[in-house]
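Trainee: Sharing a structure with you now.
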Amino acid sequence: MYLQFRDEVAAALTSALDALDLPTDDLGIEDPPEGVDAVLAASAAFRLAGEVGAPPPQVAGRIADEIDAAEYDLVEAATAQGPYVNFRASDAYYEGTVEAAQSETFGRLDPTGESAVVEHTSANPTGPVHVGRARNPIVGDAVARVLDFAGYDVDRHYYVNDAGRQMAVFTWAYETFDEDDLPDPEREKADYDLVRYYRKGNEVLEDGDPDEVEAAEEEITAIMQGLEAGDEETYDRVGEVVDTVLGGMRESLGRLPAEFDEFVKETRFIRDGSVDDVVDRLQDLDEAVYEDEAWQLDLAAYDIEKNFVFLRSDGTTLYATRDLAHHEWKFQNYDRAVTVLGEDHKLQADQMRATLDLLDNDTDQLRQVIYSYVNLPEGKMSTRAGTGIDLDDLLDEAVDRAREEVEDRLDDRIRDDDLTDDDVERIAEQVGIGAVRYDIVSKQPAKAITFEWDRALDFEAQSAPYVQYVHARCCGILEEAGLDSADTDGALAGVDASVLDAEAERELLEVVARFPAVIEAAAEDLEPHVVATYTREIADTFNTFYRECPVLRDDVDDDLRDARLALVAAAKHAVGNALGVLGVAAPRSM
RNA sequence: GGGCGGCUAGUUCAGCGGACAGAACGCUUGGUUCCGGACCAAGAGGUCAUGGGUUCAAAUCCCAUGCCGCCCGCCA
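Mapping of the first sequence onto numbering that gives the first Met the number 0: residues 0 to 589, in sequence order.
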């Protein structure tokens with residue numbers, strides 16, 4: 000309803016301004032501040048004052064006078080208030096919102112007919128996922144969910160760097176060292192098992208015996224050249240290490256949950272010849288230069304000072320070169336390509352966008368979401384050095400603390416629903432992991448985060464449990480009324496919502512109504528955190544409603560009771576779907 | 001040295017041209033005839049880093065400065 004209401008407001012303003020012979024290109028439709036009795040407002044009068052030759056409040060008055068609300072279904076009235084034109088919504092708006100929100104898919108936008116690939120995480124398969132990079136799967140998965148909910152046909156990709164020096168080092172180390180010389184793994188899991196070889200290998204390369212290092216370097220170079228040449232045996236050797244480590248990482252990411260439709264290996268683009276094709280086309284460009292025996296690209300025209308080297312002096316390609324072929328492949332297969340990457344890849348991302356443009360791609364298809372790293376108070380996290388907090392440890396700790404919290408609260412639960420041990424475990428998982436995820440996804444990615452256990456696992460602050468609790472509360476009320484909270488799709492459709500005229504009811508309806516617009520904005524800007532902000536708002540508003548407006552109490556008339564139940568179902572769908580978009584579980588009890 | 005990003009209440013964060021800068025945590029105070037108190041209501045707390053500028057209007061845009069982070073490899 001909100002989107003339709005906004006369309007009506009735009010139409011009303013446009014025709015009013017036309018009638019007044021004024022330009023209609025800047026309506027200034029915005030959300031009014033709290034306390035103003037209007038669903039939308041327009042600030043156009045500010046800009047038109049000069050042209051009209053009258054102060055803004057007078058212009059607002061003329062515009063408001065020109066609008067006949069009777070011509071519109073959802074607009075109740077357009078009134079000037081100072082320099083603003085405020086638009087109140089009709090009963091049909093509120094009733095329509097209740098009706099629309101009875102659907103379990105409330106908030107989902109119509110299919111756009113466009114496909115999108117969201118590439119995220121793509122961490123090198125060198126070892127366990129640590130929380131320094133945990134922002135990538137969490138933000139990336141949320142971006143994918145937002146786009147999906149906004150009507151795109153979405154695939155999630157993990158681009159696997161299986162052709163670089165790191166993997167050659169890893170393969171050499173794995174084949175060279177004996178397990179007896181390694182420390183015990185931190186966990187019985189493939190990625191923890193193999194990372195020991197990788198760390199040992201790097202230690203040796205850094206300060207090992209010079210002869211040993213020389214032999215190692217020869218082997219590493221041989222592996223890299225084997226990959227470049229498309230040698231099957233080399234590919235299999237490296238592939239074993241890559242697939243094994245990746246399998247472990249996948250398991251950890253799956254706990255978030257962050258799952259992928261496809262793991263795209265960069266060797267694929269070497270093997271199918273598309274990297275060679277890219278190199279040929281790059282060499283033909285006017286911007287291509289051969290300097291210091293390597294092929295480079297002068298990107299000064301794109302305000303990038305740094306030359307982009309795309310072919311080494313030994314004739315092998317670089318990661319960035321292969322990534323160009325990868326992106327052209329994405330462009331061919333999807334309408335839009337979104338990449339979520341750390342701020343340290345910013346320059347490379349700019350170089351790639353510029354180069355793709357030089358190669359005659361439509362770079363409007365590409366959107367890059369940049370996030371800052373999560374650092375420890377004492378510094379950066381590193382897989383190679385073994386410094387950092389493993390994602391598995393964070394999630395385990397989160398679930399443990401959540402379990403304690405649930406158990407502490409068991410005694411003073413008012414609701415008598417006898418939680419089983421399985422329920423406690425389920426809630427601990429939902430709350431613990433939800434809290435971690437919500438904490439990260441609710442912040443703007445550009446801001447740096449310093450990891451602190453107590454802060455990351457604070458269930459009290461603006462956190463997932465607060466919002467999850469609202470969802471559980473809604474479900475509790477619906478259950479109490481004899482409905483199945485697992486299946487509320489249209490269960491209360493058709494109730495007469497016209498009796499919902501209390502302030503708390505209207506405010507809750509207004510917030511519920513905005514949900515589709517929140518999804519629209521989040522998808523447009525690729526900013527899932529605005530959905531998190533919304534969940535907080537709707538939770539606050541619901542709690543006020545809950546306090547003010549009893550639903551099932553004996554003294555509530557049947558009509559009002561049914562209407563309020565429908566409102567509870569509407570709020571449940573909005574909160575539940577918003578949490579779903581964030582990838583945070585929506586518990587039916589907790 | 002150059003480039004990019006950040007800086008909003010004691011703390012963690014929203015807001016990113018328009019109506020008095022919002023929330024949570026913490027602090028002070030009040031609330032159970034209850035559908036779930038992981039809640040609600042009230043109060044105290046802010047030169048929106050600093051200085052200029054643009055604008056009818058700036059936390060929001062521009063310039064400079066400061067502090068913090070990231071980048072400037074024929075690594076990924």
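Don't be surprised by glycine CBs; every beta carbon is placed ideally from N, CA and C.
Can you find the residues in the same chain that come closer than 6 Å, C-beta to C-beta, to Ala447, ignoring five residues on each side of it along the sequence?
Mentor: Here residue 447 refers to the residue found at position 448 of the first sequence. Once the five neighbours on either side are set aside, the close Cβ partners of Ala447 are Ser371.
Trainee: Using a Cβ distance threshold of 8 Å, determine whether the stretch 131 to 148 contacts the stretch 334 to 343, with at least three qualifying pairs required.
Mentor: yes
Trainee: Return the Cβ separation of Arg186 and Gly229 in integer angstroms, given the expectation that the two are a contact with Cβ distance under 8 Å.
Mentor: Residue numbering aside, residue 186 sits at position 187 when the first sequence is read from its first letter. Residue numbering aside, residue 229 sits at position 230 when the first sequence is read from its first letter. Actually they are not in contact, since the Cβ atoms of Arg186 and Gly229 sit about 35 Å apart, beyond 8 Å.
Trainee: Can you list, in chain order, the residues of its chain whose CB lies under 7 Å from that of Asp192, leaving out five sequence neighbours each side?
Mentor: Taking the first sequence and counting its residues from 1, one reaches residue 192 at position 193. Close CB contacts of Asp192 within its chain, under the 7 Å cut and outside five residues either way in sequence, are with Pro184 (chain order).
Trainee: Which residues does DSSP pair with Ile426 in a beta bridge?
Mentor: The count along the first sequence starts at 1 and reaches residue 426 at position 427. DSSP lists no partner for Ile426.
Trainee: Provide the residue span of the beta strand (DSSP E) that contains Leu591, from first to last.
Mentor: The structure shown does not extend to residue 591, since the chain is modelled only from 0 through 589, so no value can be given for it.
Trainee: When we look at the beta-carbon of Val288 and count the other beta-carbons within 10 Å, is it buried (16 or more) or exposed?
Mentor: Stepping through the first sequence from its first residue, residue 288 is reached at position 289. So Val288 ends up on the exposed side.
Trainee: Please report the residue range of the alpha helix (DSSP H) in which Arg186 lies.
Mentor: In the first sequence, counting from the first residue as 1, residue 186 sits at position 187. First-last for Arg186: undefined, no H or E at that position.
Trainee: With C-beta atoms as the reference, is Leu572 less than 8 Å away from Phe105?
Mentor: As a first step, residue 572 is located in the first sequence; it is residue number 573 there, counting from the start. As a first step, residue 105 is located in the first sequence; it is residue number 106 there, counting from the start. The question names Leu, but residue 572 in the sequence shown is His. It is a contact, given that the beta carbons lie within the stated cut-off.
Trainee: Counting Cβ pairs closer than 8 Å, one from the stretch 476 to 493 and one from the stretch 55 to 65, do we hit at least three?
Mentor: no
Trainee: Excluding the 5 residues flanking Val58 on each side, which residues of the same chain have their C-beta closer than 7 Å to its C-beta?
Mentor: In the first sequence, counting from the first residue as 1, residue 58 sits at position 59. Here the set comprises Ala44, Leu47, Ala48, Val51.
Trainee: State the Cα-Cα distance for the pair Gly314 and Glu261, rounded to the nearest angstrom.
Mentor: Start at 1 with the first residue of the first sequence, and residue 314 comes out as number 315. Start at 1 with the first residue of the first sequence, and residue 261 comes out as number 262. Their Cα atoms are separated by approximately 30 Å.
Trainee: So for Cys236, helix, strand or coil by DSSP?
Mentor: The residue you call residue 236 lines up with position 237 of the first sequence. Strictly speaking, residue 236 in this sequence is Arg, with Cys absent from that position. Arg236 falls in the helix class under three-state DSSP.
Trainee: Classify Gln101: buried if its beta carbon has 16 or more other beta carbons within 10 angstroms, exposed otherwise.
Mentor: Taking the first residue of the first sequence as 1, we reach residue 101 at position 102. When all chains shown are included, Gln101 counts as buried.
Trainee: Are the beta-carbon atoms of Val274 and Thr320 separated by less than 8 Å?
Mentor: Within the first sequence, the letter at position 275 stands for residue 274. Within the first sequence, the letter at position 321 stands for residue 320. It is a contact, given that the beta carbons lie within the stated cut-off.
Trainee: So is Gln282 buried or exposed if we call it buried at 16+ other beta carbons inside 10 Å?
Mentor: Taking the first residue of the first sequence as position 1, residue 282 is located at position 283. Label assigned to Gln282: exposed.
Trainee: One question on the structure: do Val469 and Ala531 come within less than 8 Å of each other, judged by their Cβ atoms?
Mentor: In the first sequence, the residue the question calls residue 469 occupies position 470. In the first sequence, the residue the question calls residue 531 occupies position 532. Pairing Val469 with Ala531 gives a Cβ-Cβ distance that is not under 8 Å.
Trainee: Can you tell which of Asp422, Leu499, Val373, Phe541 has the C-alpha that lies nearest to the C-alpha of Val130?
Mentor: Along the first sequence, one-based indexing puts residue 130 at 131. Residue Val373 is the option with its Cα nearest to Val130.
Trainee: Return the chain-ordered ranges of every beta strand (DSSP E) run that is complete within the stretch 269 to 323 and spans a minimum of 3 residues.
Mentor: 287 to 290, 293 to 296, 307 to 310
Trainee: Helix, strand or coil: how does DSSP classify Ala336 here?
Mentor: Along the first sequence, one-based indexing puts residue 336 at 337. Correct three-state label for Ala336: strand.
Trainee: Just the C-alpha distance for Asp361 and Ala162, rounded to the nearest angstrom, thanks.
Mentor: Along the first sequence, one-based indexing puts residue 361 at 362. Along the first sequence, one-based indexing puts residue 162 at 163. When rounded, the separation of the alpha-carbon atoms in Asp361 and Ala162 is 27 Å.
Trainee: What's the gap between the Cα of Ala76 and the Cα of Val138?
Mentor: The residue given as residue 76 occupies position 77 in the first sequence. The residue given as residue 138 occupies position 139 in the first sequence. Spanning the two alpha carbons is a distance of roughly 41 Å.
Trainee: What residue from Gly253, Leu323, Ala10, Gly582 has the CA that sits closest to Phe268's CA?
Mentor: As a working note, residue 268 is residue 269 in the first sequence. Ranked by how close their Cα comes to the Cα of Phe268, the residues Gly253, Leu323, Ala10, Gly582 have Leu323 in first place.
Trainee: Alpha helix (DSSP H) containing Ser14: first to last residue?
Mentor: Translated into positions along the first sequence, residue 14 becomes position 15. Looking at the DSSP string, the run of the alpha helix (DSSP H) that includes Ser14 is 1 to 18.
Trainee: Identify the continuous alpha helix (DSSP H) that holds Val153 and give its terminal residues.
Mentor: Within the first sequence, numbered from 1, the residue matching residue 153 stands at position 154. Val153 -> not in any alpha helix (DSSP H); beta strand (DSSP E) instead, spanning 152 to 159.
Trainee: Quick one: what's got a C-beta closer than 6 Å to Glu428's C-beta in the same chain, skipping five residues either side?
Mentor: Position 429 of the first sequence holds residue 428. So the list reads Val398, once near-sequence residues are dropped.
Trainee: Among Ser462, Ala149, Tyr93, whose alpha-carbon lies nearest the alpha-carbon of Pro595?
Mentor: Shown here, the chain extends from 0 to 589; a query on residue 595 therefore has no answer.
Trainee: Which one of Leu12, Leu317, Arg513 has the shortest CA to CA distance from Arg164?
Mentor: Position 165 of the first sequence, counting from 1, holds the residue named residue 164. Closest option to Arg164, Cα to Cα, is Leu317.
Trainee: Measuring straight from C-alpha to C-alpha, what distance separates Glu266 and Leu226?
Mentor: The residue labelled residue 266 in the question sits at position 267 within the first sequence. The residue labelled residue 226 in the question sits at position 227 within the first sequence. In the sequence on display, residue 266 carries Thr and not Glu. Going from the Cα of Thr266 to the Cα of Leu226 covers about 7 Å.
Trainee: Is the beta carbon of Leu296 less than 8 Å from the beta carbon of Thr354?
Mentor: Locating residue 296 in the first sequence gives position 297, counting from the first residue. Locating residue 354 in the first sequence gives position 355, counting from the first residue. Between Leu296 and Thr354, the C-beta gap is smaller than 8 Å, which places the two residues in contact.
Trainee: Specify the secondary structure class of Tyr372 as computed by DSSP and reduced to three states.
Mentor: Here residue 372 is taken as the residue at index 373 of the first sequence, counted from 1. Coil, per DSSP.
Trainee: Could you check how far apart the C-beta atoms of Asn135 and Thr120 are, in whole angstroms? I think they sit under 8 Å.
Mentor: Indexing the first sequence from 1 puts residue 135 at position 136. Indexing the first sequence from 1 puts residue 120 at position 121. Confirmed, about 5 Å.
Trainee: Can you give me the C-alpha to C-alpha distance between Gln3 and Asp25, rounded to a whole angstrom?
Mentor: In the first sequence, counting from the first residue as 1, residue 3 sits at position 4. In the first sequence, counting from the first residue as 1, residue 25 sits at position 26. Computed Cα separation, rounded: 19 Å.
Trainee: Please report the distance separating the alpha-carbon of Val405 from that of Tyr437.
Mentor: Sequence index remark: in the first sequence, residue 405 carries index 406 (1-based). Sequence index remark: in the first sequence, residue 437 carries index 438 (1-based). Distance between the alpha carbons of Val405 and Tyr437: 18 Å.
Trainee: Indicate the three-state DSSP secondary structure (helix, strand or coil) for Tyr83 in the structure shown.
Mentor: Numbered from its first residue, the first sequence carries residue 83 at position 84. Correct three-state label for Tyr83: strand.
Trainee: Could you tell me the alpha carbon to alpha carbon distance between Thr540 and Arg335, rounded to whole angstroms?
Mentor: For the purposes of this step, residue 540 is taken as residue 541 along the first sequence, with counting starting at 1. For the purposes of this step, residue 335 is taken as residue 336 along the first sequence, with counting starting at 1. If I take the Cα positions, the gap works out to 36 Å.
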